[in-house]
Every structure is written in structure tokens, then in C-alpha cells.
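Chains A and B are the protein sequences, given in the same order.
Count along the first sequence from 1, then add 962; that gives the number in this note's numbering.
Count along the second sequence from 1, then add 8; that gives the number in this note's numbering.
Where is the CB? At the ideal position from N, CA and C, for every residue including glycine.
This one's a predicted model, so the numbers in the text were calculated from it and none came from an experiment.
Notes follow the structure.
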Amino acid sequence: MELTLKNVSYSYNPDAPEPVYAVRDVSLTIRSGDFAALIGHTGSGKSTLIQFMNGLLKPTEGQVLFNGEDIFEKKYPLKTLRQKVGLVFQYPEHQLFEETVLKDICFGPKNMGLSKEEQEERARHAMKLVGLAESYEDKSPFELSGGEKRRVAIAGVLAMKPECLILDEPTAGLDPAGRDDILGTVRALSDEEGIAVVLVSHSMEDVAVYAERLFVMKKGELLYDDTPKAVFRHYKELEQIGLSAPQVTYIAHALREKGFDVSEDAMTVAELKQEILRVLGK
Amino acid sequence: MNIIEILHLIHEFKEYDENETEIDTVRALDDVTLSIEEGSFVTILGHNGSGKSTLAKHVNALLLPTGGTVLLCGEDTLKTKELWQLRKNAGMVFQNPDNQIIAGIVEEDVAFGPENLGVPTAELEKRVENALERVGMAAFRMNSPNRLSGGQKQRIAIAGMLAMKPKCILMDEPTAMLDPVGRREVIETVHELNRQEGITIVLITHYMEEAVDADRVIVMDGGKLVMDGTPREVFSRVEELRECRMTVPQVTELSWELKKEGVDLPDGILTIGELVEELEKVRRSSVWN
């Protein structure tokens, strides 16, 4: 699987003498097994960008290529693409509507025209992937907790067997343990099933732990496309565009100022702990 | 003086099956007793479904007790005949800024609350101007709210509360949908209102760092209060917090992890400055040993 945005732009008034751009000249590629996070201030173009990825929105300039083919060419099967590139919106639990968890998860496979057995087999497999026990099958989605509902919604997308999964702020409003549950699940999907993941997030602490690559958007443009460590070295620039680094990065810099020789690249609690113990000679 | 008095509060709701037969009674709040002092800044933590939001909704009478009593500024929420007057004392700010903005121009949005309370026009103008000033949004007075960032929209929502002159502001995860800078803007704004004007703040959040500067942190689990203390006291109890599906700020977690490895650090470190200072002490003493 290879999903490429090639010089894509989006403008609300492309024919005006001075068009206003929501996204401007962004190029990036996502491949199977990638675990990337997309970060950026409110209004930086993140949502526009992810809508290009499964063909919900057509860029006013540039191309979106899936395995080398332009998805906005005439006759390109967009419906199939949307099964392969699954998009989980913000607060996806608001989109649950069926009487039971199993029926809700079957909705996608059903629209793909699969037999009832196949639908249920896929739904059960998806439930297993997100860690929902069999006993949930017949429950109403509405009697579940916030985190559980969100798992059902993610399972609904997984049941279509996507090769790429895009999640828009999947942890907003969840408690810390719920955040770790969901992100751990997504991480395992990427590691074990090879599904490419793009995570939109406002939590620098979370992306530092889970993502291998960061896309940073600034006013519609792609400012950085690099590893989290390399991106968080620019923590001062990140602050200027409404973002930050994880608190750990700030601790590392404060320690270095006082002459502690810890690595400035430490960005998780575990990494900085090792660094401090090393410096203290423990 | 206590602005909020909650005594043995119980909140139950009933669950029904498809035939509308009652199948279960769920107790969302289970004998909660709590006083909040006027002018204090209180943060409530707790996992999804622990009862935090239900508790906040009782304070301004959006919900009424199944059992027990809630007093806001001395008025019993069950017995009051002036519900609207009572609610004026405690404004509420919710998670999603887009659901709280109703007008096409910032100043009209801020004026909506006091206008409904029947505030005369001349006074209304003053209140709107003053409220926008206090949240640092005066320059946006004539703008359209939908061009603002999430943090700015939440500050407009707070200004709308301020224009009603509340004694207390209840905030239910006001930063959940904001980027890091938007989050900081909102939290700094409410701290300023608390310090400079003595408005009581009750902040519900899932971001532990936002609790660090509160006067008091309360943790809920299963509809009960399970911890209540200063941020330092509460965040010293790392393991208990984890059992309640909570965590601690990264700096506190790091300090706790280092302590477990034998580094001589006090419990409940809350700021980067404290940790750096303590580690300098450790370094000095290890030079001499």
C-alpha cells in the first residue's frame, strides 16, 4: 500500500486573483506499516488533508495517488478506496446507530455486499482486534462507556479490512487509561497487521510515545515531516504555531541548562529516566 | 464561606428495556458530601463515567438530587423558587466550543446571557466590553466567532458567563478539543479570573497538568469522592491514581519513577523547577559521598 499526496492544495476561491488556501502545496507518502501522527494548530488544515486521503474532498490543485493511481481520475473506484483507506472521525461514537454492537460493526461489510456469514466473521474479528469481548455482541452500543463506544466505532471501520487507518483525534475526551487503551490497540494493529496508521492528535505526550513519524502543519503548509525526536528539537518553533513538545522535553532542556548531560532527544518518561540515572551514575 | 455545599448527594437514574420496563437503577452519585469555599480553585479528576459531570450539573441545578441536598450560595436547588436567579450564580462552560456559540458576532454572543436576564442596554454594553477585556478578547468584539481558534472560542464562552456576573464558573473539560496553546490560554484565563476577581472555579479535566495550580484536587471513582487534597497530596498517590484510571503529570511520574530506582527525591513533585532543584541537591550530595 502506498498513499501519496502530490503537491496538493485546497482553496475556497481558486479562481480569485489572490486565492485563500486551506492547504497549500503539500506532498507526503504513507506506506504499509507506517505509524504517523499529524499535528497542527486549530485551522492548520489537518482535517482538509485527511479528507483528501480517502477521496472525500478533491484538492483544487495536485494529485492523490493510491498505489500509483490517481484517485480522482474518471472511473476510479472511490467506493473501494474508502474501504481500503478507513477514516475514523472525531467523536465517532456519535455515528453509532444500530441496536446491537455486532450489527453496528457489520454495517460496513454489509454495504460491501458480503454475505451475512462473512459480515459477522469480519465483525467478530474486528471486535477481537480492538479488544471487545464476545459478550458485547448483543449489547446496545448506547449502554457502553465512552471508550468502549469508540472501540465499536473503530471496529466498524476495521471490519472493512482497510490497509490504511486514519483517526481524527481518537482520544479526545477520554480519561488517561482510555487514551492508552485506544492508542495501544491502534499501535498493535500497525505492528501485527501491518496497517498504516495516521493519527491526528493534539497530545504531544501521546505522539511522542506512539508515533514513528510526525507531519506538522502550519497554516495549511507542511512544516516538518520527520521523526518525533527530530521534530521536538524545534520545540520553540512549535510553540510559535500553537503546539508544544511533551513536558519531558522541557525537563530535559531545563536539566541541560543546569549542567546535567542528559540527551536533549529524550521525549518519553522512560527515556528521560534512563538518561538521568545514567548521568547520576546509578 | 462555602459557596457550594453538597450533603449526602445521591443521583440515580433508571434504565429501561425496549418495552419500557424498568430493568435497572444506576447510581451515578453515591452519597457525596463536599463543601467548596468561595474564591477557591478546585479541579475534579476521574475516569469517564466516574460521576464528575453529573456532580457539576447538580451544582447549577441542571440535575436535581434523588437524595441529599445541594446548596448554591445558600439556596437549596430542590426548594428554590428562583431557578434562573440561582443558575446565574454558577455559569457552565462545556467541552465543545462550537456547540456554545450562537450569534454571528462576538459581542452579540457575549450579550446573549445577560440580555435574557433583562439587563438594560447601557449596562449590557458595559458588561460585554468588560467581559471581553477580562478574557483578552476585546480586539475581536466585532468579529465573527467562526473565524476564531478553539481557545479563542472557549474564551468567548467564558466571557458570556462573566457578563452574567456569576460567583462561580463550572467547566466540564473545556480544553478537551483544543491544541496545546489553546489549552494554555483557557487555563491561564480562568486562573486570572480566580486570582483577580475571586470567582470560584470548578474545573473538570483529563489533563493532569491543568490540576497542578489548583488550590484543591478532588478525585472521583464510581460516583464517590475517593481523594481530596492539595495537588501535591493527591499526585503523591501515583499507584492509587492509576487504579482509578488516572495518571499524574509527566514531571511527577518521572520523579516517582526515579525515586523507585533509589534517587532521593520527595513525593509529589509538581513542576519542572522543583525536579531540577531536587536533582541538583542529589548531585551535590553524591559528590561528597
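Rounded to the nearest angstrom, what separates A:E1125 and A:T966 at their Cα positions?
14 Å
With a threshold of 9 Å between beta-carbons, can A:M963 be considered close to chain B, or not?
no
Could you tell me the boundaries of the beta strand (DSSP E) in which A:T991 lies?
Y983 to R993
Determine the extent of the alpha helix (DSSP H) in which A:Y1212 is found, giving its start and end residues.
Q1209 to E1219
Are the C-beta of B:H55 and some C-beta of chain A separated by less than 9 Å?
yes
Using the Cα positions of B:Q258 and A:P979, report the straight-line distance between them to the nearest angstrom.
49 Å
Name the chain A residues whose beta carbon is nearer than 7 Å to that of B:E294?
Sequence check: residue 294 of chain B is Ser here, not Glu. Result: L1242.
Quick one: does B:E23 have its CB under 9 Å from some CB of chain A?
yes
Compare the beta carbon distance of B:A64 and B:I52 with 9 Å and say whether it is the shorter of the two.
yes
Cβ of A:L1161 within 9 Å of any chain B Cβ
no
Interfacial residues, the stretch 95 to 129 of chain B to chain A, with Cβ spacing under 8 Å
Q103
Pick from B:E241, B:R253, B:G144 and B:V34: whose alpha carbon is nearest that of B:L201?
B:G144
Go ahead and label A:S1152 buried or exposed: buried means 16 or more other beta carbons lie within 10 angstroms of its beta carbon, across all protein chains shown.
buried
First and last residue of the uninterrupted beta strand (DSSP E) at A:Q1025:
E1023 to F1028
Secondary structure of B:C81, DSSP reduced to three states
coil
Note down the Cα distance separating B:I195 from B:I212, rounded to an integer number of angstroms.
12 Å
Measure the beta-carbon distance from A:V1193 to A:V1178 and round it to whole angstroms, keeping in mind my assumption that it falls under 8 Å.
6 Å
Is DSSP giving A:G1048 helix, strand or coil here?
strand
On the three-pair Cβ rule with 8 Å, is the stretch 92 to 112 of chain B touching the stretch 165 to 173 of chain B?
yes
Taking B:M100 as part of the beta strand (DSSP E), name the residues at either end of that continuous run.
A98 to V101
For B:S214, name the three-state secondary structure that DSSP assigns.
Looking at the sequence itself, residue 214 of chain B is His, so the reference to Ser does not match. B:H214 falls in the coil class under three-state DSSP.
Suppose you measure from the CA of A:D1227 to the CA of A:K1191; what does that come to, to the nearest Å?
6 Å
Rounded to the nearest angstrom, what separates A:P1208 and A:I1238 at their Cα positions?
17 Å
Identify the contact partners of B:V259 in chain A, using a Cβ-Cβ distance below 7 Å as the criterion.
Q1209 and I1213
Note down, in chain order, every chain A residue with its Cβ under 8 Å from the Cβ of B:E217.
Q1209
Consult DSSP for A:A1192 and reduce its assignment to one of helix, strand or coil.
helix
Output the boundary residues of the beta strand (DSSP E) element that contains A:H1164.
First-last for A:H1164: undefined, no H or E at that position.
To which residues does DSSP link A:A999 through a beta bridge?
A:L1161 and A:L1176
Should A:F1222 be flagged as near chain B, meaning a C-beta pair shorter than 9 Å?
yes
CB-CB under 8 Å to A:T1062, same chain, minus the five flanking residues each way: which ones, in chain order?
E1099, D1100, K1101, S1102 and P1103
Verify the CB distance criterion: does A:A1173 have a CB-CB separation below 9 Å to chain B?
no
Could you tell me which whole alpha helix (DSSP H) segments of length 4 or greater appear in the stretch 1083 to 1150 of chain A?
1108 to 1120
Cβ-based burial, A:A999 [other Cβ within 10 Å; buried from 16]
buried
Count the other C-beta atoms from every protein chain shown that fall within 10 angstroms of the C-beta of B:P274, then say buried if there are 16 or more, exposed otherwise.
exposed
Counting only C-beta atoms, is A:I1238 closer than 9 Å to chain B at any point?
yes
Pull up the DSSP beta-bridge partners for B:I166, would you.
According to DSSP, B:I166 bridges with nothing at all.
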